[in-house]
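Using our numbering, read the sequence shown as starting at 14 and increasing by one per residue. Read the structure below first, then the notes.
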Amino acid sequence: MPEVHYETQDGIAVITVENPPVNALGQAVRAGLAEAFDRFAADGAAQVAVLMGAGRLFLGGADITEFGKAPLAPSLPDVIAGIEASPKPVLAAIHGAALGGGLEVALGCHWRIAAPGTRLGLPEVSLGILPGAGGTQRTPRLIGLEAAGRMIASGKPIRAEEAVESGLIDRLAGGDLRAAALAFAAELKGEAPRRTRDLPAPQGDLSDLRAATAAKTPGQIAPVTALDAVMASTRLPFDDGIAEERRLFRHLLDTPQRAGLIHAFFTDRAVAKVPGLDAAPRAIDHVGVVGGGTMGAGIATACLLAGLRVTLVERNAEGLDRARATIDGNLDTAVQRGKLTADKRAGLAPAFATEMDALAEADIAIEAVFEAMDVKREVFATLDRVCKPGAVLATNTSYLDVNEIAVATDRPADVVGLHFFSPAHVMKLLEVVVTDATAPDVTATGFALAKRLGKIAVRAGVCDGFIGNRILSAYRAAADRMVLDGASPYAIDAAIRDFGFPMGPYQVSDLAGLDIGFMTRERLKAEGAPQGRRATFADALYHAGRLGRKTGKGYYNYTADKRGAEDPEVERIVAESRTGPARALDADEITRRYMAAMVNEAARVVAEGIAARPLDVDAVLLHGYGFPRWKGGPMHWADAQGLDTILADIERFAAEEPDFWQPAPLLRDLAREGGAFADLNRKDTA
Ligand code: CAA
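Below is the structure:
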């Protein structure tokens, strides 16, 4: 039960919020705070109040689970107004973090002291809202318009050391926070409360920051709206500014973007809770990496950055030199980007070996060699021979059958897929691919390793492409069909960027290399897999040597413009590869087909248990494929559209191309029952 404690010591009331795990400001806490400050007002024995948080942080902000529900009194702005109005001084004593409404409570207090290293931030825009409890009016009064605007529009927290410079807090606590706060409070006895609301209105203009923010966050409403609320502080008296903030806050609260971002927040946390998995992970300290290409070197870099011991094995000295150079380059870039200090970087290096015996003591071996089954099986047979009992044997394959790789060893229970995304030391997503035989503690070890690497792990079953690449190949196929039917690849890229992806599918092809797609088409052909209509224009570009960025030309021409210019030559090649008359597809039709293919395949992936829940699909697309976070992921987006709308689209497309557009049974059933994918999230996580 959340509690707000009240005690007095030497004429000082100490009010402590205890609501684990993050002291969120839910209704019970708000009511408890209001009551505690009423008691303080009436308490003749207390001249000053100190407000603290119990546990690991001060206050984690509004209770996000209450958003989208009917508001419950007392409201946070009212509670804060009550604290600020206190006739006796109030000091906030902050440790760990003060975020969102948590920092806004502190700004309503009359003084602030913080432990070194404390993070102070207004991250609301990352949830699709704005600081709605006075943050947009009090912050600029305290630290100036520009600094407040930057903090609110970016949502990024600052450290207490920086906050004391800007005036957001008054003092850094040396030593024990409670003792330092009590000493500060003793100095404040008899002082008149110093209310932020009474500070002069800030001056200035944020139009440059607003323009820069709009350019940086295309398609998103909250960051620019938050700046509009901050600007209101320059022209309106405090109470009117608060009313304007409230109006804009309520408007954002009702947007689909708010719902999408909050879904993404909870999804990021829910994916780690795999239904039915409660095994403890095996200990990992020493990681072996087999293969030093881009992927292997990236995985080694990620492990080094997380403080793990790494041994990298390559076939020969040449391979090792290449791996060493890639890892050095990765680490140097991390230093340049401020993610790593030069001092720490100096101590980071893997051990290098050309013999697999060097992995005898590794706790986990991650294979990242050439994508061919016979090569992988040979590596795993060797790992089986050299690795110690209990070592986890992982493959980074992106589509091969991990069951088949596992049986190349005598210990298939120790084998798991760990599918990293390139560049492996940057991309957040890790698919943990579980075979028929993978032991639960091996799966748990994949999740524990991901956490250590700062990644988001998602459990995936075995199939061609697992969760992400399987869904990708479906929506890529839909895009290729549209090109064959008459859409320009440039029109498709533009429509998909407008939807919110950072790049369209043909820009992604240019980045990855057109040889990759070509090899995949050839492989599927050799395997006798049903291929449908082949992307003949992509084959033609491949044969013309237009492999993408690496050859200076692909779908786009990079020779004059590094960002890539549209190229009439490509339009010509595409037109020649069409077998029938071209038909027009507008941006709306393009997006509908692209998204319907994505959602339809995702429904199959869930129904087959490849993804445990719809939210697992959302996490994969959000963290590995550039799906716009404010749309929450494809399953959340589909629910928001209404599954009947998506089904109607698929049925319309199926009338023309029944071989490609068969509605997934799960999608069809949910749409007919009036259900939603979200219902399946709840069922499995309850
Ligand atoms: N409300 C409700 N639940 C919250 C929460 C919040 N504000 N913040 C965290 N939680 C929950 C998480 O969902 C998680 O729950 P489960 O264990 O059931 O998964 C649990 O608390 C622990 O959270 P984390 O795993 O994230 O813990 P952490 O130690 O890694 O991080 C944190 C702690 C930095 C506070 C992080 O949780 C966080 O960033 N929280 C969100 C903070 C935020 O955005 N606050 C602003 C809210 S909006 C607002 O305040 C609007 C306003 O102006 C009034």
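The C-beta atom is built at its ideal place from N, Cα and C for all residues, glycine as well. Since we're looking at a predicted model, the values are computed, not measured.
In the DSSP assignment, Trp650 falls within the unbroken alpha helix (DSSP H) covering Pro647 to Gln654. Residue pairing by DSSP puts Asn570 in a beta bridge opposite Lys566 and Ala578. For Ala146, the shortest C-beta to heavy atom distance toward the ligand CAA is below 6 angstroms. In this structure, Gly157 sits away from Leu222, with a CB-CB distance that is not shorter than 7 angstroms. Relative to the ligand CAA, Gly311 has its C-beta separated by 6 angstroms or more from all heavy atoms. For Phe278, no beta strand (DSSP E) encloses it; the enclosing alpha helix (DSSP H) starts and ends at Pro269 to Ala283. Secondary-structure assignment with DSSP links His264 through no beta bridge to anything.
The continuous stretches of alpha helix (DSSP H) do not include Val447, and DSSP gives it neither H nor E.
The straight-line gap separating the alpha-carbon atoms of Ala194 and Glu200 is approximately 10 angstroms. In this structure the stretch 480 to 489 touches the stretch 630 to 642; the number of beta carbon pairs closer than 8 angstroms is three or more. Exclusion of Pro87 from the 6 angstroms shell around the ligand CAA follows from its C-beta lying no nearer than that to any non-hydrogen atom of the ligand. A buried status is given to Leu64, since no fewer than 16 other beta-carbon atoms sit within 10 Å of its beta-carbon. Straight-line spacing of the CA atoms in Arg626 and Gly147 works out to 38 angstroms. Taking 7 angstroms as the cut-off, the beta carbon of Gly499 is found no closer than this to the beta carbon of Ile509. Remark: C-beta atoms of Thr604 and Phe512 approach each other more closely than 7 angstroms. According to DSSP, residue pairing for Trp124 in a beta bridge involves Leu104. Around the CB of Gly301, 16 or more other CB atoms lie within 10 Å, so the residue is classed as buried. By the Cβ neighbour-count rule, Leu406 is buried, with 16 or more other Cβ atoms within 10 Å of its own. Taking the Cβ of Glu258 as the reference point, every heavy atom of the ligand CAA lies at 6 angstroms or farther away.
Not a single heavy atom of the ligand CAA lies less than 6 angstroms from the C-beta of Val243.
Assignment of beta-bridge partners to Gln544 by DSSP yields no partner. Proximity to Ala385 across Glu417, Pro15 and Leu104 peaks at Glu417, based on C-alpha coordinates. With fewer than 16 other CB atoms across the displayed protein chains lying within 10 angstroms of its CB, Ile529 is exposed.
Within the model, the alpha-carbon separation for Leu249 versus Asp91 is close to 19 angstroms. Between the C-alpha atoms of Ala381 and Gly305 there is a straight-line separation of about 8 angstroms.
When C-beta atoms of the stretch 50 to 60 are compared with those of the stretch 15 to 30, three or more pairs fall below 8 angstroms, so the two segments count as touching. Fewer than three pairs of CB atoms, one per stretch, sit closer than 8 angstroms, so the stretch 596 to 603 makes no contact with the stretch 440 to 460. Between the alpha carbons of Ala492 and Arg546 lies a distance of about 12 angstroms. Judged by beta-carbon spacing, Trp124 lies beyond the 7 angstroms limit of Asp218, meaning their Cβ atoms are not closer than that value.
In this structure His649 touches Gly273 by the C-beta definition: roughly 6 angstroms separates them, less than 8 angstroms. For Thr131, the closest of Gln270, Gly115 and Val138 by C-alpha to C-alpha distance is Gly115.
Here the alpha carbons of Ala553 and Gly577 stand approximately 19 angstroms from one another. Here Arg472 is bridged, per DSSP, to Val445. The ligand CAA approaches Ala37 closely enough that one of its heavy atoms is under 6 angstroms from the residue's Cβ. DSSP places Gln349 in no beta strand (DSSP E) but in the uninterrupted alpha helix (DSSP H) bounded by Ala330 to Gln349. The beta-bridge partner set that DSSP reports for His636 is empty.
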